[in-house]
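S.K.:
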Amino acid sequence: MRRKASLFHWVSACAALGCAPEARERPPAALVVVEPEAPLEAVPPVVRFRVEGFSGVSASLLLFSGELGSYYLGRIRAGDLPSTLAERRVTAEVFPSEDGEDAIVAPSAPLDSGAVYSLAALGGSRLAVATVTRVESPYAERVWPPRGAAGGRRAVYCSEASIAVPRGEVRLSPGDVPVASLPGADGAETFADRCFRLEGMLVTGGPPLVPPPVHEAVQVDPSPLPSQASEPTEGIACVAPERSLGPGCLLVDDDRAVLRGPEDPLFWIVQVADAPPRIVRTSRTEHALLDGLSADTVVRARGTVTDLAGNETPFDESFRTAPPRPHLILSEVLANPAGPEPSGEWVEVENDGASPVNVGGFTLSDGGGETTLPSAVMAPGEYALVVGDGYAVDSPDDVPPAAGTLLLRVPRVGTDGLSNGGEALTLSGKDGRPLSRFPRIAASRPGVSVARRTASALDDDASAFGTSSAPGASPGWENHIDSPF
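The sequence shown: position 91 = 93 (this note's numbering), numbered continuously.
#1: Helix, strand or coil: how does DSSP classify Tyr119 here?
#2: With distances taken Cα to Cα, identify the nearest neighbour of Leu64 among Leu70, Gly177, Val48 and Ala122.
#3: Under three-state DSSP, which class holds Thr308?
#4: CB of Ile271 to nearest heavy atom of the ligand COA: below 7 Å?
#5: Looking at the secondary structure, which residues open and close the beta strand (DSSP E) in which Ala453 lies?
#6: Could you tell me which uninterrupted beta strand (DSSP E) segments, each at least 3 residues in length, are contained entirely in the stretch 383-413, listed from first to last along the chain?
#7: Name the residue from Leu410, Ser225 and Ala117 whose alpha carbon lies nearest to the alpha carbon of Asn360.
#8: If we count the other Cβ atoms within 10 Å of its Cβ and call it buried at 16 or more, is Arg196 buried or exposed?
#9: Reducing DSSP to helix, strand and coil, say where Ser232 ends up.
#10: Which one or two residues does DSSP pair with Tyr74 in a beta bridge?
#11: For Ala194, tell me which candidate among Leu437, Arg169, Trp146 and Thr135 has the shortest Cα-Cα distance.
#12: Taking 6 Å as the limit between beta carbons, can you name the residues of its chain near Glu480, skipping five residues before and five after?
#13: Taking contact to mean 3 or more Cβ pairs, one atom from each stretch, closer than 8 Å, check whether the stretch 145-163 and the stretch 312-324 are in contact.
#14: Quick check: what's the CA-CA separation for Pro344 versus Glu191?
#15: Below 8 Å between beta carbons: does that hold for Ser225 and Arg149?
#16: Just how far apart, CA to CA, sit Gly346 and Ala459?
#17: Measuring CB to CB, does Gly68 end up less than 8 Å from Ser120?
#18: Rounded to whole angstroms, how far is the Cβ of Glu350 from the Cβ of Ser333, which I believe are closer than 8 Å?
#19: Measure from the alpha carbon of Gly416 to the alpha carbon of each residue in Ser99, Asp433, Phe467 and Gly390, then state which is nearest.
#20: Can you tell me which residues form a DSSP beta bridge with Ser285?
#21: Take the Cβ of Glu95 as the centre, count every other Cβ of all protein chains shown within 10 Å, and call the residue buried at 16 or more, exposed below.
#22: Looking at the structure shown, is Ser345 part of a helix, part of a strand, or coil, going by DSSP?
#23: With H, G and I counted as helix, E and B as strand and the rest as coil, what does DSSP make of Leu332?
#24: Closest to Ala405 by C-alpha separation, out of Arg286, Ala386 and Ser451, would be which residue?
#25: Could you have a look at Arg144 and say whether DSSP puts it in helix, strand or coil?
#26: In terms of alpha-carbon separation, which member of Ile238, Ser99, Arg455 and Pro176 lies closest to Gly263?
#27: Looking at C-beta atoms only, is the number of pairs between the stretch 103-116 and the stretch 220-235 that lie closer than 8 Å three or more?
#28: So what does Thr323 bridge to, in DSSP terms?
#29: Looking only at DSSP bridge pairs, what is Glu171 linked to?
#30: Rounded to the nearest angstrom, how far is the Cβ of Val134 from that of Val45, given a contact under 8 Å?
The structure is reproduced here in structure tokens:
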């Protein structure tokens, strides 16, 4: 369906953006067309807007969240973009259609279902108002290459739903660039039931390329593909006791191993022993945890690794895991209770291993010293709270611990209580070996804790920690995070 445009809107838009001379003589039958075809009252989240009759492309074609009132429409006609309106601007690629007669506005992320958006021409007028509606077709997110990185010959898209994308061809815009569409996330077609990849001339040295909104009934992540080519990634030297795995290094523990790679991002598909394959990424700031291994046994790791340039390398290595060890992690910290301080403060510890652990003699260290934990056995998967002698379970001010949560009472949590400004904490075993670290993160507001996103999140992962969502803390049960730091 197409929405008719008034002559006034057409002439204003032409004045702002520069229509072809023949287009100025008469307004077209339609000004804004939705791709894939849909009425403006019900556009899909992954969408393009075709502005008909524009022979050139201008930065003055803008998309905004929400409707535009008379004040903002007046400012737009004046060619002015106030900061309050600039904050509502939706990132989009704007480029000419393949025939060069129209302009395409392609939002760089899915639009929010139920939300309203306005398309306007700075110096002209509002061109269209669109309402987004949810669609049932599956959505495939781009999992490689990462946003903001250089690119190469491969892009990988995966869906949480089951999809079946056959071999074929896809045309990227602008330029109608042909690339191959292949099932699976690598050359072995791993995850062919939920992933597909685009291969070919993805990097042209020109403007960023974007895939079609829909491919084989699957909504495709509309984020632009990198326009700059990447060089092949070289492997790194491993430091004992690490061992090589493809271009990266593997530090093997008992029931887990940590995979690190070069500074440049790498895309790994790893299958360890008989476990299902998994997708992981490594970079200078991102290591990958391979958990679920069997302790004190020989295991095999095989799969593929792809660099930014699109080069795929297979690997197949065997290694022996270590004997069973305790695996305790610092999971959550309440440094700024809504109730009294420091008695209301606590540090949550989780037994992330497969064996019971007696924590007697383990130490919790902060910047000023260390606190020795009392004797108590933590079962696999169990949570415990390190609390001061004055801690009250039934405090009316803060979230109470889950029923039956183990309390490890010490004279005081931290050397002199926990700083609301944050301080680094380390949990060490009886032998002094660090088991887990918690970074220095300031408490956001009273009664809200800082928590580890998942038990498997690594200590040095910048996105592994965040503020707890409502009710503000989760002492003794699974963490729920609002946003990463």
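In this text, a Cβ means the ideal position worked out from N, Cα and C, and glycines have one as well. All figures in this text were calculated on a predicted structure; none of them were measured in a lab.
M.R.: Quick look at the numbers:
#1: Note: Tyr119 maps to strand in three-state DSSP.
#2: Taking each of Leu70, Gly177, Val48 and Ala122 in turn and checking the Cα distance to Leu64, the smallest one comes out for Ala122.
#3: Residue state, collapsed to three classes: strand.
#4: The model depicted lacks the ligand COA and carries no ligand whatsoever.
#5: According to the DSSP assignment, Ala453 belongs to the beta strand (DSSP E) that extends over Val452 to Arg454.
#6: As far as the stretch 383-413 is concerned, its whole beta strand (DSSP E) runs of at least 3 residues are 385-390 and 408-412.
#7: Closest option to Asn360, Cα to Cα, is Leu410.
#8: It counts as buried.
#9: DSSP, read as helix, strand or coil, puts Ser232 in coil.
#10: Answer by DSSP bridge pairing: none, since Tyr74 is not bridged.
#11: Among Leu437, Arg169, Trp146 and Thr135, the Cα nearest to that of Ala194 belongs to Arg169.
#12: Correct list: empty, nothing qualifies.
#13: Note that the stretch 145-163 touches the stretch 312-324; at least 3 beta-carbon pairs, one per stretch, sit closer than 8 Å.
#14: Whole-angstrom Cα-Cα distance: 55 Å.
#15: In contact: Ser225 and Arg149 (Cβ atoms closer than 8 Å).
#16: Note on geometry: alpha-carbon atoms of Gly346 and Ala459 lie some 26 Å from one another.
#17: The answer is yes: Cβ separation under 8 Å.
#18: With a Cβ gap of about 5 Å, Glu350 and Ser333 count as contacting.
#19: Nearest of Ser99, Asp433, Phe467 and Gly390 to Gly416, Cα basis: Gly390.
#20: Ser285 is bridged to Glu288.
#21: Buried is the call here.
#22: In the structure shown, Ser345 adopts coil according to DSSP, grouped into three states.
#23: Leu332: strand per DSSP, three-state reduction.
#24: Nearest option by C-alpha distance: Ala386.
#25: The answer is strand: DSSP assigns Arg144 an E or B state.
#26: Among Ile238, Ser99, Arg455 and Pro176, the Cα nearest to that of Gly263 is on Ile238.
#27: At 8 Å Cβ cutoff, the stretches touch.
#28: According to DSSP, which records beta bridges pairwise, Thr323 is partnered with nothing at all.
#29: DSSP output for Glu171 lists Ala182 as bridge partner(s).
#30: Approximately 6 Å separates the beta-carbon atoms of Val134 and Val45; this is inside 8 Å, confirming the contact.
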